[in-house]
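Asker: Numbering (UniProt numbering), first residue to last: 1 to 501.
Every residue gets a Cβ at the ideal spot worked out from N, C-alpha and C, and that includes glycine.
This structure is a prediction, so every number in the text was calculated from the model and none was measured.
This is the structure I want to talk about, given as structure tokens.
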Amino acid sequence: MTDGWLSIDGEDGDLDTPEFNEVDTDVDDVEDDAALELALAAARAEFGEFDEDLADLTEKNNTEGWPVLAIVGRPNVGKSTLVNRIIGRREAVVEDFPGVTRDRVTYEADWNGKRFILIDTGGWDRKVKGMAAAIAAQAERAINDADAVAFVVDATVGATDTDEAVVEVLRKSGKPVILVANKADDALLEMEATSLWSLGLGEPYPVSAQHGRGSGDLLDQIVKVLPEEGKGRMRGVGPRRVALLGKPNVGKSSLLNAMAGSERVVVDSVAGTTVDPVDELVQLKEKWWWFVDTAGIRRRAKEASGHEYYATLRTTAALDRAEVALILVDSSEPISEQDVRIISMAEEAGRAIVIAYNKWDLTDEERRHYLEREIERDLVQVPWAPHVNVSAKTGRHIERLEVAIEAALAGWETRVSTGRLNQFLASIVQSNPHPIRGGKQPRILFGAQVATSPPTFALFTTGFLEAGYRRFIERRLREEYGFDGTPIRIMMRVREKRSRK
Ligand code: GDP
Ligand code: GDP
């Protein structure tokens, strides 16, 4: 089996994989069973043995409990280069949502069969003021969610003041730290890297992320310090996690107060550090919820209004840690680019989404008329997101938010059995076949839902499915199975011409 998932650079994975029978192939009735057998036979005929490939994909999309490594360091030290070196670029898969891989902060990696999650804290704008403090704060956030940290230093520069500030944070965290001396491109630089012992973080690992030098030793060390069971998306454990998002002044603090009243607990997420409390445990009508990154919204809002850039970073960080995004839009003003951007970020991050149109008390009939037009025009990409028209000020419909959040999470975690899915796919292929292109008609042979949260589908096809057709499939999936409040991912693998050996 050498064909890869349709990927940008065509590289193939070499992961060791479990057997196919570990993939969920529940079948609910005889009819589903028959559809599944047919689809499996068709796919095997065209793809040969594809079971391992599918099992691998399923495994890769379920990262619960994987250990987490945070990559931390100043701008320009080579963090992104190191991330690419570690993940080997094997994960770029054609997906229906452009930008999914572009803005991602977390990646899946493996070394000698040990899988782990990478959190990249990169993407810094060099011109932003207050850099050292911002980097230290960002590092703190990443460290909270990690089992170990790779701290990257530029070996050609040595330790700077900013590096020292991050070292403080790392020490206090008590997490295992691996000191990476990057850009050690030759033996001389490798020698010089030993001066980084002075940082007090133990042995520096000289690496050239660009050329690969030393990366094997580094990876050996990484998998050595990572625990077996890690913090990878600890779903289903404790209260669910909500990111409360929206542009400044939209009413986030007001809404949180109105929802929670006094039933909220601010928790210091890292004991013994100077970290700002970031998450709040909030009791709504039915249950407790984690509102991530909300403590200090008011204080930070000021800072954010001047710095769109920081606002974006914080939104990314909150999304990364949340399961569902509760996004506030000011209904009394025209929908802005910033509103649309926040919603797109949540969608691209693959989170469940609920939209709250706040300040409803300020709208009149005319405004509501225009709002409807704006929603049709600007928010077409998320027609599936439940919305509630609320007022943090009067309390209007606030009790409906929890219900909407629950519904979105349910959609996010919906799983369709492989039998049902193939029955469904067979029926739509029959009733609405793909348009003929160049004398050929791409067909879907087999499909499986390889993940939930968000629902992710892998399709095995005889030809490239156009974006329009994939959107059609998504629409039909939604009609059939719900998926309220959640993005859907569709990946496909196209049968290649099999070479005769
Ligand atoms: P980040 O800002 O920390 O993510 O850094 P990047 O990964 O974007 O790298 C910053 C610059 O350093 C780029 O021009 C890279 O090509 C370069 N770079 C990264 N790793 C190495 C390395 O191992 N050796 C050398 N010489 N340059 C490197
Ligand atoms: P944040 O920056 O998103 O946290 O927004 P705030 O909660 O600080 O609210 C910004 C301003 O909008 C404050 O003056 C609030 O009193 C006001 N505000 C918030 N929600 C509502 C609402 O539902 N109706 C009205 N009329 N004003 C609101």
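Out of Glu374, Pro435 and Ala426, point me to the one whose CA is closest to isoleucine 444's CA.
Answerer: Taking the sequence shown and counting its residues from 1, the one referred to as residue 444 is at position 444. It is Ala426 whose Cα lies nearest to the Cα of isoleucine 444.
Asker: Rounded to whole angstroms, what is the Cα-Cα separation between valine 152 and asparagine 144?
Answerer: Locating residue 152 in the sequence shown gives position 152, counting from the first residue. Locating residue 144 in the sequence shown gives position 144, counting from the first residue. The straight-line gap from Cα to Cα measures roughly 18 Å.
Asker: With a cut-off of 8 Å on the beta carbons, I'd call phenylalanine 291 and leucine 362 a contact; round off their distance for me.
Answerer: On the sequence shown, residue 291 is found 291 positions in, with the first residue counted as 1. On the sequence shown, residue 362 is found 362 positions in, with the first residue counted as 1. With a Cβ gap of about 24 Å, phenylalanine 291 and leucine 362 do not count as contacting.
Asker: Within 7 Å: the Cβ of glycine 73 and any heavy atom of ligand 1?
Answerer: Here residue 73 corresponds to residue number 73 of the sequence shown, with the count starting at 1. Yes, Cβ of glycine 73 sits closer than 7 Å to a heavy atom of ligand 1.
Asker: Consider the C-beta atom of glutamine 449 and the heavy atoms of ligand 1; say whether any pair is separated by less than 7 Å.
Answerer: For this step, residue 449 is matched to residue 449 along the sequence shown. Answer for glutamine 449: no, Cβ out of range of ligand 1.
Asker: Return the chain-ordered list of same chain residues with a C-beta closer than 8 Å to the C-beta of glutamate 347, the five sequence neighbours on each side being excluded.
Answerer: Working through the sequence shown from its first residue, we reach residue 347 at position 347. Same-chain partners within the cutoff: Phe97, Ile353, Gln381, Val382 and Pro487.
Asker: Would you say the beta carbon of histidine 211 is closer than 7 Å to some non-hydrogen atom of ligand 1?
Answerer: Residue numbering aside, residue 211 sits at position 211 when the sequence shown is read from its first letter. Within the cutoff, so yes.
Asker: Is there contact here, the stretch 75–90 with the stretch 34–52, by at least three beta-carbon pairs under 8 Å?
Answerer: Output reads no: the stretch 34–52 does not touch the stretch 75–90.
Asker: Nearest to asparagine 76 by alpha carbon, out of Leu465, Phe457, Ala181 and Trp412?
Answerer: Along the sequence shown, one-based indexing puts residue 76 at 76. When only C-alpha atoms are compared, the closest one is Ala181.
Asker: In three-state DSSP terms, what is threonine 462?
Answerer: Numbered from 1 along the sequence shown, position 462 holds the residue referred to as residue 462. Coil.
Asker: Pull up the distance between the alpha-carbon of alanine 356 and that of serine 391, whole angstroms please.
Answerer: Taking the first residue of the sequence shown as 1, we reach residue 356 at position 356. Taking the first residue of the sequence shown as 1, we reach residue 391 at position 391. Those two C-alpha atoms are separated by around 9 Å.
Asker: Residues in the same chain with beta-carbon distance under 7 Å from valine 23, minus the five sequence neighbours each way, listed in chain order, please.
Answerer: One-based indexing of the sequence shown puts residue 23 at position 23. Only weak support is given to the placement of valine 23: the predicted model assigns it a pLDDT of 37, under 50, and the value that follows is read from those uncertain coordinates. Contacts found: Leu54, Ala55, Thr58 and Ala448.
Asker: What's the gap between the Cα of valine 242 and the Cα of asparagine 112?
Answerer: Looking up residue 242 in the sequence shown gives position 242. Looking up residue 112 in the sequence shown gives position 112. Their backbone Cα atoms lie some 35 Å apart in a straight line.
Asker: Of all the options Asp364, Asn432, Thr194 and Gly463, which has the alpha carbon lying nearest to the alpha carbon of glycine 439?
Answerer: Here residue 439 corresponds to residue number 439 of the sequence shown, with the count starting at 1. Minimum Cα distance to glycine 439 is reached at Gly463.
Asker: Assign tryptophan 351 to buried or exposed, taking buried as 16 or more other Cβ atoms, counted over all protein chains shown, within 10 Å of its Cβ.
Answerer: In the sequence shown, the residue the question calls residue 351 occupies position 351. Just to set this straight, residue 351 is arginine in the shown sequence, not tryptophan. Buried, since its Cβ has 16 or more Cβ neighbours within 10 Å.
Asker: Would you mind stating whether threonine 456 and tryptophan 412 have Cβ atoms separated by less than 8 Å?
Answerer: Start at 1 with the first residue of the sequence shown, and residue 456 comes out as number 456. Start at 1 with the first residue of the sequence shown, and residue 412 comes out as number 412. Taking 8 Å as the Cβ cut-off, threonine 456 and tryptophan 412 do not qualify as a contacting pair.
Asker: Shortest alpha-carbon distance to glycine 200 belongs to which of Glu496, Pro176 and Asp330?
Answerer: On the sequence shown, position 200 is the one that residue 200 refers to. That would be Pro176, whose Cα lies nearest to the Cα of glycine 200.
Asker: Touching or not, the stretch 392–409 and the stretch 245–260, by the rule of three or more beta carbon pairs under 8 Å?
Answerer: Touching, yes, given that three or more Cβ pairs across the two stretches are closer than 8 Å.
Asker: CB of alanine 392 to nearest heavy atom of ligand 2: below 7 Å?
Answerer: Walking along the sequence shown from the start, residue 392 turns up at place 392. Within the cutoff, so yes.
Asker: Within 10 angstroms of the Cβ of glycine 212, are there 16 or more other Cβ atoms? Answer buried if so, exposed if not.
Answerer: Start at 1 with the first residue of the sequence shown, and residue 212 comes out as number 212. Glycine 212 is exposed by the Cβ-count criterion.
Asker: At the level of alpha carbons, what is the spacing between lysine 285 and alanine 408?
Answerer: Translated into positions along the sequence shown, residue 285 becomes position 285. Translated into positions along the sequence shown, residue 408 becomes position 408. Roughly 17 Å separates the two Cα atoms.
Asker: Identify the continuous alpha helix (DSSP H) that holds valine 169 and give its terminal residues.
Answerer: Along the sequence shown, read from residue 1 onward, the residue named residue 169 stands at position 169. Note, valine 169: alpha helix (DSSP H), 161–173.
Asker: Closer than 7 Å to a non-hydrogen atom of ligand 2 - does that hold for the CB of aspartate 364?
Answerer: Here residue 364 refers to the residue found at position 364 of the sequence shown. No, since every heavy atom of ligand 2 falls outside the 7 Å radius drawn around the Cβ of aspartate 364.
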